[in-house]
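Each protein sequence line maps, in turn, to chains P and X. Numbering that gives the first Met the number 0 applies: residue 0 is where the first sequence begins, and numbers increase by one. Numbering that gives the first Met the number 0 applies: residue 0 is where the second sequence begins, and numbers increase by one.
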Amino acid sequence: MSKTPRPPDASAILRGDRRALGRGLTCVEAMDDEALALLDALWGSTGRARRIGITGPPGVGKSTLASGVIRAYRAGGRGVGVLAVDPSSPVTGGALLGDRHRLGAEAHDPKVFFRSFGSRGSTGGLSRAAPFALDILDAAGFDVVLVETAGVGQTEIEVAATADSVAVVLSPESGDAVQAMKAGLIEIADVLCVNKADREGAEAMVEALDAMLDRAPPAPWRPPVVRTRGLEDASPLFEALETHGKWLLEGGRLEERRRRGLRGRLRSLVHALLAERLLAGQDALLDARAGEAASKRRSLLDAARSTVEEILR
Amino acid sequence: MSAPSPRAPLPKGPRPIRVLVAKAGLDGHDRGAKVVAQALRDAGMEVVYTGLRQTPEMIVKAASEEDVDAIGISLLSGAHMTVFPRVLDLLRENGLSHVLLTGGGVIPEKDREALRAAGVGMLFGPGTRTSDLIQYIQREVALRRAHSA
C-alpha cells in the first residue's frame, strides 16, 4: 500500500541507519506484509546481542533502573537498543509512553536507541511483535538489547521472559512477595531486585523472597535477590545480570535457552497462522453455532467441537 | 476473509497516530505539556513524552527512533525563534520532513507567521482548547499519511 518513505530498507538497518531502524520497528509493530520481508532479510544477522528483560509491577522504578543498567553497559563501551512497552488504553487505544522521560545523558547518546511500544490491546499481537522488534534491534548491531515491560498482564510478562536474562523488579510498596508470585513474576526471574531498598519494608521483602526461593524445587540457577536504590545505585542489578550472563555461557546453556525460546515463539506463530487460515470465511458457521449455544440446543463446548469438525472436514 | 496466504499473523487496524510531546528550553513548566499529552492519549493517540529541557537534537533523535507522525513542542522561555527552525532543519537533514511540527506556548503572532512561513505547523497559544489541537493533528497527519502513500 504505502510507498515513500515507507519501505523499510534492511541494508540500511544493518548499516546502522537510525531512521531506517525506526521505520522497520513500525512495520514489525503493525506486523504488516513488509515486516515479513524485513524479518526474512535480517534473520541471519540476529543472535549476536545479549538480551535483557526487565519487568515488574507499575511504579517500582523499572525505567529508572533500566537507565542505570543502560549507563553501566555504555560505561563499558557497549551499544544498547531499548524497547519499552507501556499499556494502551483498552477504551481509546491511546497510550502515554513515558519511559523515555527517565533517560538522562543517554537521550542524546548515538549508541543508545530507544523505542516505545503501546501494548495495543490484548489480541496477543504484542507477544509476537515485541520479540521480533528485539530481533531487529539485535540485527542492527547493538551489543545489548533491553526490553522493559510492566509486569501486569500475561503478555507483558511473556515478552520480558523471551530475554536471555530476566530481572523482576519489586519495591516495598508493590505489595508483598505473594502478590508477585500470584502474578507469575517470580518463576520467570533470573534476578530478583528489591528497589527503593532504603524504604521501610524492603528487608522484610528480601527475606520473604529468599524464603520463597528456599521452598522452590531445586533448579540449576537460583535467582539472587539484590537491593537497589534507583539510578545512583543500580549496580547490584547490573552485576547480577552479568553474573547470570556468564553462567549462561557455560555448557551451552545460552543456546539451549534460546532454542527453547524460539520453539515457544514458533508454536505461538503457528497457532496464530493456523487459526487465521482455518477461520477465514467461516463467519457464517461461527454465527450459526453460537446461535445454537445461545438457544441451548447445544452446549458451548459441543458447539466448538462441532465447528472444528466441520472446518476440518 | 481473504484467501490463505503467508501473511503476518495479526489483526490489522489503522495505525494509531504517534506524537512526540517535548518540552524545550530551560524553564521547568511542564504542566501544559502534560495536559496536552493526556488529552492526545485520550483521543486515541500514542504519545511519547520526553520530559523537560529537550534540545532540538534530542527531539529529532527521539522522533526518528520512535517513528512519530507529529512533534508537539511546548516552549515558554522565548526561545521559539531558535528552537523551531533548528528542529525543522534537523528533521529535513534526517529524512523526516513528513513529520508535522507543531506546538504551543507564549509566542507573538508576528513570530507565529514567520515560523509558519518557514514550514512549521500551527502554533497554539494559552487558552487553546485541546479539542482544536486534536482535530488539527488528526487532519494534518491524515493528509501527510495519504500523501506519502
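Backbone N, C-alpha and C define an ideal beta-carbon position, used for all residues, glycine too.
N-terminal and C-terminal residue of the beta strand (DSSP E) that residue i is part of
{"i": "F113 (chain P)", "result": "V111 to G117"}
{"i": "D85 (chain P)", "result": "V79 to D85"}
{"i": "T148 (chain P)", "result": "V143 to A149"}
{"i": "G140 (chain P)", "result": "First-last for G140 (chain P): undefined, no H or E at that position."}
{"i": "V67 (chain X)", "result": "Counting along the chain, V67 (chain X) falls outside any beta strand (DSSP E), and DSSP gives it neither H nor E."}
{"i": "T101 (chain X)", "result": "L99 to G104"}
Contacts of residue i in chain X (Cβ-Cβ under 8 Å)
{"i": "R17 (chain P)", "result": "K60, S63, E64 and N93"}
{"i": "G21 (chain P)", "result": "S63, E64, E65 and D66"}
{"i": "G117 (chain P)", "result": "P15 and E45"}
Residue i burial status per 10 Å Cβ neighbour count (16 or more: buried)
{"i": "P130 (chain P)", "result": "buried"}
{"i": "V84 (chain P)", "result": "buried"}
{"i": "Q53 (chain X)", "result": "buried"}
{"i": "P222 (chain P)", "result": "buried"}
{"i": "H146 (chain X)", "result": "exposed"}
{"i": "K109 (chain X)", "result": "exposed"}
{"i": "R138 (chain X)", "result": "exposed"}
{"i": "E199 (chain P)", "result": "exposed"}
{"i": "H270 (chain P)", "result": "exposed"}
{"i": "V47 (chain X)", "result": "buried"}
{"i": "L300 (chain P)", "result": "exposed"}
{"i": "I12 (chain P)", "result": "buried"}
{"i": "T306 (chain P)", "result": "buried"}
{"i": "T63 (chain P)", "result": "buried"}
{"i": "P15 (chain X)", "result": "buried"}
{"i": "M0 (chain X)", "result": "Residue confidence is low: M0 (chain X) scores 37 on pLDDT, short of 50, so the model does not pin down where it sits. No coordinate-derived value is stated."}
{"i": "E92 (chain X)", "result": "exposed"}
Partners in chain X for residue i, counting only beta-carbon separations shorter than 7 Å
{"i": "R70 (chain P)", "result": "Chain X residues near R70 (chain P): none, gap ~16 Å exceeds 7 Å."}
{"i": "T25 (chain P)", "result": "D66"}
{"i": "F113 (chain P)", "result": "E64"}
Rounded straight-line distance, which links the Cα of residue j to that of residue i
{"i": "R143 (chain X)", "j": "M211 (chain P)", "result": "55 Å"}
{"i": "A138 (chain P)", "j": "L247 (chain P)", "result": "21 Å"}
{"i": "L95 (chain P)", "j": "E147 (chain P)", "result": "15 Å"}
{"i": "L95 (chain X)", "j": "S63 (chain X)", "result": "7 Å"}
{"i": "Y135 (chain X)", "j": "A141 (chain X)", "result": "10 Å"}
{"i": "L37 (chain P)", "j": "R214 (chain P)", "result": "46 Å"}
{"i": "I51 (chain P)", "j": "F123 (chain X)", "result": "42 Å"}
{"i": "C26 (chain P)", "j": "A117 (chain X)", "result": "31 Å"}
{"i": "P107 (chain X)", "j": "S73 (chain X)", "result": "14 Å"}
{"i": "R49 (chain P)", "j": "S267 (chain P)", "result": "23 Å"}
{"i": "P55 (chain X)", "j": "Q178 (chain P)", "result": "43 Å"}
{"i": "L75 (chain X)", "j": "V35 (chain X)", "result": "15 Å"}
{"i": "R170 (chain X)", "j": "D29 (chain X)", "result": "In the structure displayed, chain X extends from 0 to 148; residue 170 (chain X) sits before or after that span and is not available."}
{"i": "G174 (chain P)", "j": "L184 (chain P)", "result": "13 Å"}
{"i": "L17 (chain X)", "j": "I58 (chain X)", "result": "Note that residue 17 (chain X) is Arg in the sequence shown here, rather than Leu. Between R17 (chain X) and I58 (chain X), the C-alpha separation is close to 14 Å."}
{"i": "S234 (chain P)", "j": "V68 (chain P)", "result": "7 Å"}
{"i": "V167 (chain P)", "j": "D189 (chain P)", "result": "8 Å"}
{"i": "G93 (chain P)", "j": "Q37 (chain X)", "result": "9 Å"}
{"i": "L208 (chain P)", "j": "V224 (chain P)", "result": "7 Å"}
{"i": "A149 (chain P)", "j": "G55 (chain P)", "result": "6 Å"}
{"i": "E254 (chain P)", "j": "G244 (chain P)", "result": "12 Å"}
{"i": "G103 (chain P)", "j": "A279 (chain P)", "result": "48 Å"}
{"i": "G263 (chain P)", "j": "V193 (chain P)", "result": "29 Å"}
{"i": "L20 (chain P)", "j": "V81 (chain P)", "result": "12 Å"}
{"i": "P5 (chain X)", "j": "T81 (chain X)", "result": "With a pLDDT of 41 at P5 (chain X), under the threshold of 50, the modelled position of that residue is not reliable, and no figure is offered here."}
{"i": "L169 (chain P)", "j": "W220 (chain P)", "result": "20 Å"}
{"i": "G43 (chain X)", "j": "G120 (chain P)", "result": "12 Å"}
{"i": "H97 (chain X)", "j": "E33 (chain P)", "result": "20 Å"}
{"i": "A113 (chain X)", "j": "G120 (chain X)", "result": "11 Å"}
{"i": "L191 (chain P)", "j": "D98 (chain P)", "result": "21 Å"}
{"i": "H107 (chain P)", "j": "P217 (chain P)", "result": "44 Å"}
{"i": "S294 (chain P)", "j": "L284 (chain P)", "result": "16 Å"}
Continuous alpha helix (DSSP H) stretch holding residue i: start and end
{"i": "I156 (chain P)", "result": "Q153 to A160"}
{"i": "R30 (chain X)", "result": "R30 to D41"}
{"i": "A166 (chain P)", "result": "Run containing A166 (chain P): none in the alpha helix (DSSP H); it sits in the beta strand (DSSP E), S164 to L169."}
{"i": "E322 (chain P)", "result": "This structure cannot speak to residue 322 (chain P), because chain P is shown only from 0 to 312."}
{"i": "E202 (chain P)", "result": "A201 to R214"}
{"i": "Q281 (chain P)", "result": "Here Q281 (chain P) belongs to no alpha helix (DSSP H), and DSSP marks it neither H nor E."}
{"i": "V86 (chain X)", "result": "H79 to E92"}
Beta-carbon neighbours of residue i, restricted to chain P and to distances below 8 Å
{"i": "R40 (chain X)", "result": "S88, T91, G93, A94 and L95"}
{"i": "Q37 (chain X)", "result": "L95"}
{"i": "V46 (chain X)", "result": "G93, A94, L95 and L96"}
{"i": "M57 (chain X)", "result": "A106 and H107"}
Per-residue contacts from residue i into chain P (C-beta, under 7 Å)
{"i": "R14 (chain X)", "result": "A29"}
{"i": "T49 (chain X)", "result": "R99 and H100"}
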